[in-house]
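When the letters of the sequence shown are read in order and numbered with this note's numbering, they come out as residues 17 to 268. Here's the structure we're looking at; comments come further down.
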Amino acid sequence: MSLGAHLLELRRRLMIAAAALVVGMVVAFFVTGPVIEWITGPIRVIAEQRGDDFSALNFGTVTSAFDLRMRIAFSIGLFLSAPVWLWQVWAFIMPGLTRKEIRYTVGFVAAAIPLFFAGCYVGMLVVPHVIEVMWSFTPEGGVNFYNAAEYYDFVFKLMIVIGISFVLPVFLVALNIAGIMSGRAILKGWRAAVLIATIFAAIATPAADAVSMLLLAGILVVLFFAAAGLSLLFDRRRRKREAALLSPGSVL
């Protein structure tokens with residue numbers, strides 16, 4: 017295909033992806049109410065604990081309530097339309113990949129997507145505890161007025177960070193396949209990985225809930241060692257192939 021044909025194809029696929037996103041946003045807009053109800057749950061718990069009505073979600077402008085619903089609709093719509101726009105991206109770049117690269121890419125995506133959503137689900141369980149812990153630092157007599165946009169950003173970004181942390185082991189395997197890091201080098205950093213996982217879990221879970229902290233840290237550590245084990249297996253297979261090619265009976 018010529019450069020112009022590639023650009024026309026890119027425009028067509030971007031339009032399909034954008035249309036899918038718009039449809040996803042329209043569908044998601046109708047569930048923004050329950051989502052707001054869920055993310056403001058910790059605020060209601062805090063208000064009950066304080067015995068007042070001062071702790072609340074604050075909408076500072078005329079359009080801020082609508083803006084919040086649109087931002088939630090965009091985030092959910094992005095996930096709902098993911099199969100469409102991911103396929104459009106894949107269909108555009110696939111013709112330029114070798115069969116081996118296609119196999120590795122499919123494996124990477126097939127592992128990364130479920131892990132990411134599993135991390136987001138864990139983030140949904142962790143977010144209320146984090147908000148309550150942060151509220152505990154409010155001095156006596158203080159009032160918590162949570163700006164709606166900033167509050168949503170905090171919840172959304174925390175879930176994304178935990179989701180990405182679940183995908184990091186897949187990136188380690190990808191680096192190993194690319195020949196950038198060996199399985200032995202990945203495994204050598206297990207102490208740092210355990211420490212980072214523990215610190216991250218301690219920050220992301222309430223101090224009094226040791227079970228949640230150990231569960232989250234345990235999941236991250238298991239994923240790390242799974243990535244190291246796969247990398248060692250790939251290194252072993254790579255060495256066997258190289259030895260077979262270098263053996264006297266091999267045909268060059």
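Cβ atoms here follow ideal geometry from the backbone N, Cα and C, with glycine treated the same way.
In the three-state DSSP reduction, residue 44 falls in the helix class (H, G or I).
Distance between residue 74 and residue 22, taken at the CA atoms: about 48 Å.
Beta-bridge partners of residue 162 (DSSP): 73.
The beta carbon of residue 90 sits closer than 7 Å to those of 41, all from its chain and outside the five residues before and after it, given in chain order. Our two residues, residue 156 and residue 58, have alpha carbons roughly 18 Å apart in a direct line. Residue 44 sits away from residue 112, with the two beta carbons spaced by 8 Å or more. By the beta-carbon neighbour count (other beta carbons within 10 angstroms, threshold 16), residue 65 is exposed.
Annotation for residue 100: 36 place their beta carbon closer than 6 Å to its own, counting only its chain and skipping 5 residues before and after. With 16 or more neighbouring CB atoms inside 10 Å of its own CB, residue 202 falls in the buried class. If you check the CB distance, residue 143 and residue 174 come in under 8 Å. For residue 51, the CB contacts under 8 Å within the same chain, skipping 5 residues up- and downstream, are 88 and 92 in chain order. Around the beta-carbon of residue 153, fewer than 16 other beta-carbon atoms lie within 10 Å, marking it exposed. Inter-residue distance for residue 60 and residue 19 is about 56 Å (C-alpha atoms, whole angstroms).
Residue 121 and residue 82 have their C-alpha atoms some 39 Å from each other. For residue 152, there is no enclosing alpha helix (DSSP H), as DSSP marks it with neither H nor E. Counting C-beta pairs closer than 8 Å gives three or more between the region 193-202 and the region 228-248, which meets the contact rule. Only residues of its own chain outside the window of five on either side were considered, and among them 202 and 243 have a CB closer than 6 Å to the CB of residue 188, listed in chain order. Residue 238 holds the alpha-carbon nearest to the alpha-carbon of residue 210 among 238, 184 and 108. Only exposed fits residue 114, as fewer than 16 other CB atoms lie within 10 angstroms of its CB. Closest by C-alpha distance to residue 219, out of 193, 150 and 168, is 150.
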